[in-house]
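**Student:**
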Amino acid sequence: MVDVDLSQVNWSRAQFALTAMYHWIFVPLTLGLSFLIAFFESIYLRTGNEEWKNITKFWMALFGVNFAIGIATGIILEFEFGTNWSNYSWMVGDIFGAPLAAEGIFAFFIEATFFAVMFFGWDRVSKRFHLFSTWMVAIGSNLSALWILVANGWMQFPIGMKFNPDSARFEMENFWEVLFSPMAISKFTHTTSSSFVLASLFVIGISAWYLLKSRHVLLAQRSIMVAAIFGLLASLYVAFTGDESAYLVAQKQPMKLAVMEGLFDGQTRAPLVAAGIINGDKQPGDGQDPFWFEVKIPGALSLLSNRDINSFVPGINDLVFGNSVQNIVGVQERMEKGKMAIELLRNYKEAKKTGNESVANSSKDAFYEVQDSLGYGYLKNPAEAVPPIAITFYSFHLMVVLGSFFPLFFALILFFDVKKNKHYPSWLLKLAVLSVPLGYVASQAGWVLAEVGRQPWAIQGLLPVSVATSNVSTTAVQTTFFIFLFLFTLLLVAEIKIMATQINNGPEEK
Amino acid sequence: MIGQLDYTTLQQLWWIIASLVGSLFLFLNFVQGGQTLLFTLPKNDKEKSLIINSLGRKWELTFTTLVLFGGALFAAFPKFYATSFGGAYWVWMLILFTFIIQAVSYEYRKKPQNFLGAKTYEVFLFINGSVGILLIGAAIGTFFTGSSFSINEMNQVTWQTPYYGLEAALNFFNLSLGIFLVLNARVLGAMYLLNNIEHAEINVGCRRLAWINFMWSLPFLLFVLAKLLLMEGHAIRPENGEIFLQKWKYLQNLIGNPLLLLFLLTGLGLVIYGIFVTRFKGKNSGIWFSGPGTVLVGLTLFGLAGLNDTVFYPSTYDLQSGLTIYNASSSHYTLTAMSYVALAIPFVVAYIAYVWRQMDKRQLSISDLSGKGSNKLY
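Same order as they appear, the protein sequences are chains A and B.
The first sequence begins at 96 in our numbering and counts up one residue at a time.
The second sequence begins at 75 in our numbering and counts up one residue at a time.
#1: Quick one: is F104 of chain B buried, meaning 16 or more other Cβ sit within 10 Å of its Cβ, or exposed?
#2: Which residues in the same chain as G341 of chain B place their Cβ atom closer than 6 Å to its Cβ, once the five residues preceding and following it in sequence are excluded?
#3: Find the nearest neighbour of F500 of chain A within the set A:S330, A:F325, A:K475, judged by alpha-carbon distance.
#4: In the DSSP assignment, find the beta strand (DSSP E) that holds A553 of chain A and state where it starts and stops.
#5: Under 8 Å, CB to CB, which of the residues in the segment 393-425 of chain B have a partner in chain A?
#6: Rounding to the nearest angstrom, what Cα-Cα distance links Q326 of chain B and V298 of chain B in this structure?
#7: Are the CB atoms of S276 of chain A and I301 of chain A within a distance shorter than 8 Å?
#8: If you reduce the DSSP assignment to three classes, tell me which class Y387 of chain B lands in.
#9: Are the C-beta of W608 of chain A and some C-beta of chain B separated by less than 8 Å?
#10: For Q320 of chain B, list the residues DSSP reports as bridge partners.
#11: Look up V97 of chain A in the DSSP assignment and say whether it is helix, strand or coil.
#12: List, in chain order, every chain B residue whose beta-carbon is nearer than 9 Å to that of E173 of chain A.
#13: May I ask you to verify whether the segment 364-379 of chain A touches the segment 399-414 of chain A, counting CB pairs closer than 8 Å and requiring at least 3?
#14: For Q110 of chain A, is the classification buried or exposed, using 16 other Cβ atoms within 10 angstroms of its Cβ as the cut-off for buried?
#15: Thinking just about the alpha-carbon of each residue, which of A:A334, A:K351, A:L343 is nearest to the one in S289 of chain A?
#16: Would a check of beta-carbon distances place W522 of chain A closer than 8 Å to chain B?
#17: Would you say W185 of chain A reaches chain B, if we count a Cβ-Cβ gap shorter than 8 Å as a contact?
#18: Within this structure, are the beta carbons of A309 of chain B and G239 of chain B separated by less than 8 Å?
#19: Output the distance between the C-alpha atoms of A240 of chain A and R311 of chain B, rounded to the nearest integer angstrom.
#20: Round the Cβ separation of K391 of chain A and L358 of chain A to the nearest angstrom and send it over; I've been treating them as touching at under 8 Å.
#21: Can you find at least 3 beta carbon pairs, one from the segment 251-263 of chain B and one from the segment 286-298 of chain B, that sit closer than 8 Å?
#22: Among the residues of its own chain, which have a CB less than 8 Å from the CB of K347 of chain A, if the five just before and after it don't count?
#23: Determine the extent of the alpha helix (DSSP H) in which T564 of chain A is found, giving its start and end residues.
#24: Going along the chain, which residues of its own chain have a beta-carbon closer than 8 Å to the beta-carbon of D338 of chain A, five neighbours each way excluded?
#25: Less than 6 Å between C-beta atoms, sequence neighbours within five positions excluded: which residues of the same chain meet that for M96 of chain A?
#26: In chain order, what residues of the same chain have a beta carbon less than 6 Å from the beta carbon of I508 of chain A, not counting five sequence neighbours either side?
#27: Compare the C-alpha of N401 of chain B against each of B:L142, B:N229, B:I90 and name the closest.
#28: Under 8 Å between C-beta atoms, does N202 of chain B make it to chain A?
#29: Beta carbon of V95 of chain B, beta carbon of A146 of chain B: below 8 Å?
#30: Beta-carbon of E313 of chain B versus every beta-carbon of chain A: anything under 8 Å?
#31: Nearest-angstrom Cα distance between P186 of chain B and M231 of chain A?
#32: Using a Cβ-Cβ cut-off of less than 9 Å, give me the residues of the segment 196-212 of chain A that come near chain B, in sequence order.
#33: Could you check if L529 of chain A is buried or exposed, using at least 16 other CB atoms within 10 Å of its CB as the buried criterion?
#34: My guess is that S389 of chain B and S224 of chain B are in contact by the Cβ rule of under 8 Å, so how many angstroms apart are they, rounded?
#35: Check whether the segment 176-192 of chain A touches the segment 562-570 of chain A, taking contact to mean three or more Cβ pairs, one atom from each stretch, closer than 8 Å.
Here you go:
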């Protein structure tokens, strides 16, 4: 693994990014729409009004089309950990595997079992049991998200484990620390609530289109009402969890935060860049201005990062080159420690093999002194520790701008809903239709930020992607990449065509 | 109580749990088997829809069981996950592709403007049921025939063939196991449809196909069993973990573990009994014998592969690189934590069984395909 084929690593990253992004086109809608359907059906049961059943069934049909492809794209991610990231699988399997198994046992079966009742059980089970099943699908889907996000949270902020030099892997020491890691909780709440927003935008957008065409007016008005309330609450919560998320990034992944903000030189009362254009030529330490243009809010970044407007926020240069005043160890120094850790690990293994217990023990003790820097030992140069700046910066800002727009949008819809007796102006309806893709853009941007911003690490600070991959040929990964691209695009086109047709046909006539 | 279990017991327990999930998957392959009957069993489009709607109520259960099987192996035996998936890259990728196309096919087949046309989605289902299961069989076969890989001291895997796992499908034993699983899935598929659908012609066809496919599967089953019990196996020396080749390894495992012998005989008996009542007694309940029979045979296979100091993922390239449930497992702590999680399994099985009963109290019939809400069907 010493002479890693970099292009193979990059193709593996590309493949994982491709499959994850495709998967994430479908999942947020599933997570949010499942709850909206449960709301619709609950109202139906409470009121006994058949129109609500009609509404439930209409959205359920769209849910089904979307759900299927979410599953199709999801299975591949689970297995790609093994096929493309086999060394990662070994090194973290002891921690990562447990939430994944729990996900299978607790969540997937709830979804799979009650999905059949939800779709085909209308005439086969009681109304109450049907409603129960719909709720179980919503809860099951969101529980599925919990466990995988616990795993992702752990990759951003590894906790509750210890490196075992004998097995050359990380081993779990505290399951609860992994499960209730603040990063895991923040990932879960932020991701699920943002999915509720996306689904609300979807429901409102399609309903608005019906209203613009003066079709299915009752269905559209009622759907908008429920989705706008759900969307408003969810979007406010997204803002709250987003703030928490940024705070955690600042505490646990300072490099990611610096890159998100294009902050090269750390400072006290650090400003937040509200908008800006990155200077693409800028390198750490070269003295160039990182921006062509920027609008700043003084002190806001310090406040966001440390809940203290006067606090110091480290920049990329501080983190790469170190800053003795602020007590920040630079990447270069950590790389040296990391190389030492690798060397000590090798000595330990060697001594163990030859039965030299005293050398083994001393190497092991020395290794534990520097083990925190193990991952840095695999880096080729300090600049490698900096994630791609432009992608991270823009995805973060795009997400924030859209995330600020959504609550206003929902509030506006609710205003016309309540105060103007559902007389929505046509510009608002058009805006609602346009907002559907914006929900998807914001959602994708969030994941791009989370994952690109974590580079070069598979596990923050401990395992770079270059060491995490499988030892397969570049050609093999290239080939599967293009198969996925072809297959998923084909299925996406089919999905969109089916969805569009279903929307155009509207609900089943009574 | 779980907290007190020693490491070895937990490793064995998790091999048994993973085996159980894998064996249940083989039973639930009736969905895949049924998919391969799509071009033989129905006489017209209505009958085809009836079959697809019957299978469509269960496909996710099979799919989820496969996902759990993967998850359980990742969690309990991460070195296997890393070695096999990262090494036998192509075989697993091909299997996955067949499951991707399955997942959309039920939902999309009958929808207007579905881009690829109903026929394509039916072919997708057929490919999943045939190629998918064949390759899974071949992959399971390597638990006995081994693969060509080495593992270094940092536990990193190097696959030693340029075919990345495809070579598994060229081994006659693996191939036979794969073909047997496909035929057995077809038998189970026919029995499930017989049990689930109320339709005279389909029922007659199911009985016939269950029988024919069973007869075809017999030579493959007998070959696999005979070869298995005669072949050399990779064994572990308990005192130092060293791996060596042992004659009649699996036969010794079978004789040495009366429970496995009992499972095998009972399993085979149940499978045959299920076929017998289906073919000769006019019963619709064959699936409830042959299905659990398949689970027991599956448990025997996995038990022979992993228990009794056996290497469950042997390396033909470097004997000592072989994976055992002891050198490939998660840590004591993780296995303990997961065992608490696994306490939920009986509860999960219970609600699945309850829902299954609720949904299948009444057989599916042609009348279910028309009338209100019928455009929401598969």
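Cβ atoms here follow ideal geometry from the backbone N, Cα and C, with glycine treated the same way.
**Tutor:** According to the structure data:
#1: buried
#2: G367, L370, V371
#3: A:S330
#4: 552-554
#5: S404, S405, Y407, T408, A411, M412, V415, A416, A418, I419, V422, Y425
#6: 16 Å
#7: no
#8: strand
#9: It is not possible to answer for residue 608 of chain A, since the shown part of chain A is limited to 96 through 605.
#10: B:G307
#11: Annotation note: pLDDT 47 at V97 of chain A (below 50); position unreliable, coordinate value reported separately. The answer is coil: DSSP assigns V97 of chain A none of H, G, I, E or B.
#12: V141, G144, G145, F148
#13: yes
#14: buried
#15: A:A334
#16: no
#17: yes
#18: no
#19: 43 Å
#20: Their Cβ separation, rounded to whole angstroms, is 11 Å, which puts K391 of chain A and L358 of chain A out of contact at 8 Å.
#21: yes
#22: Q251, F252, M278, Q555
#23: Counting along the chain, T564 of chain A falls outside any alpha helix (DSSP H), and DSSP gives it neither H nor E.
#24: L399
#25: In this predicted model, M96 of chain A has a pLDDT of only 42, less than 50, meaning its place in the structure is not dependable; the value taken from the coordinates is given anyway. Nothing listed; no residue qualifies.
#26: A323
#27: B:N229
#28: no
#29: yes
#30: no
#31: 29 Å
#32: A196, A197, E198, G199, I200, F201, F203, F204, I205, E206, A207, T208, F209, F210, A211, V212
#33: exposed
#34: 7 Å
#35: yes
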